[in-house]
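Notes for the one structure printed next.
Take a look at the structure:
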């Protein structure tokens, strides 16, 4: 009988590989196969957008240069000024109940009251500026436990006075300083009113806690800032 009839009924396809299964090329033996399969997988992936570098945050704006201060020069007669300053310091030293917020406002009022006295005792702006700096320093040291907060407030006020005078060069030193101190007082009053409203609405938190902790901690952080430290070194030292 012809051998044709003994051939398998399901012959392998014509395009089937002649290599047995055990000898099929693998990616380990055929690197080109690995590359082609990897390329095929890559073609199936969606288009990948190019990576964007992470933007860097811009540097914080630098603080303006500190204003120029004249060389310390005391006027020849400071008797009246010394008496008024001593009274103001004693008044602050006797205040043992006010919070840092109210104590600082009181020190600012005392400095404002000394402006006219310093202007009368000073023949020129350098003497007037020297007396204001000296007064602010003594008021800051009236109560050591609140000195940092008072120092921060008075230093900012003195900086604004010096900066304003450098711009205007006016001979009305008392008017200029009084105007700046009034602005600082209004700003503090506005902030104080907002804090009082918050304390009234926060019924579940005692007002003493808000006034004694939140306010004092916030002002102590401000007092410890580098800006205030720079002003202290520039004006007080």
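In our numbering, the protein residues as written are 161 to 397. Virtual Cβ for every residue (Gly too), placed ideally from N, Cα, C.
With three or more CB-CB distances shorter than 8 Å, the segment 256 to 272 counts as touching the segment 297 to 315.
For residue 303, there is no enclosing alpha helix (DSSP H), since its DSSP letter is neither H nor E.
Measuring C-alpha to C-alpha distances from residue 245 to each of 227, 260, 269 identifies 269 as the nearest. A residue is called buried once 16 or more other Cβ atoms fall within 10 Å of its Cβ, and residue 231, having fewer, is exposed. Restricted to the segment 263 to 329, the alpha helix (DSSP H) segments that are unbroken, complete and at least 4 residues in length are 285 to 300, 307 to 328, listed in chain order.
For residue 246, the enclosing alpha helix (DSSP H) begins and ends at 239 to 253.
Relative to residue 334, the option among 312, 277, 343, 290 whose CA is nearest is 277. Within the same chain, 322, 326 come within 8 Å of residue 228 by CB-CB distance, once the 5 residues on both sides are set aside. Taking each of 256, 319, 310, 343 in turn and checking the Cα distance to residue 390, the smallest one comes out for 319.
The beta carbon of residue 352 lies closer than 7 Å to those of 261 in the same chain, with the five residues before and after it left out.
Between residue 234 and residue 287, the gap from beta carbon to beta carbon is short of 8 Å. Straight-line spacing of the CA atoms in residue 347 and residue 396 works out to 24 Å.
Note on residue 256: under 16 other CB atoms within 10 angstroms of its CB, so exposed under the neighbour-count rule. Around the CB of residue 292, 16 or more other CB atoms lie within 10 Å, so the residue is classed as buried.
Between residue 344 and residue 298, the C-beta spacing is not below 8 Å.
Shown here, residue 231 sits in coil according to DSSP, grouped into three states, outside any helix or strand.
A Cβ-Cβ separation of about 12 Å leaves residue 252 out of contact with residue 314 under the 8 Å criterion. Ranking 350, 329, 317 by CA distance to the CA of residue 340 puts 317 first. For the pair residue 330 and residue 336, the Cα-to-Cα distance works out to about 8 Å.
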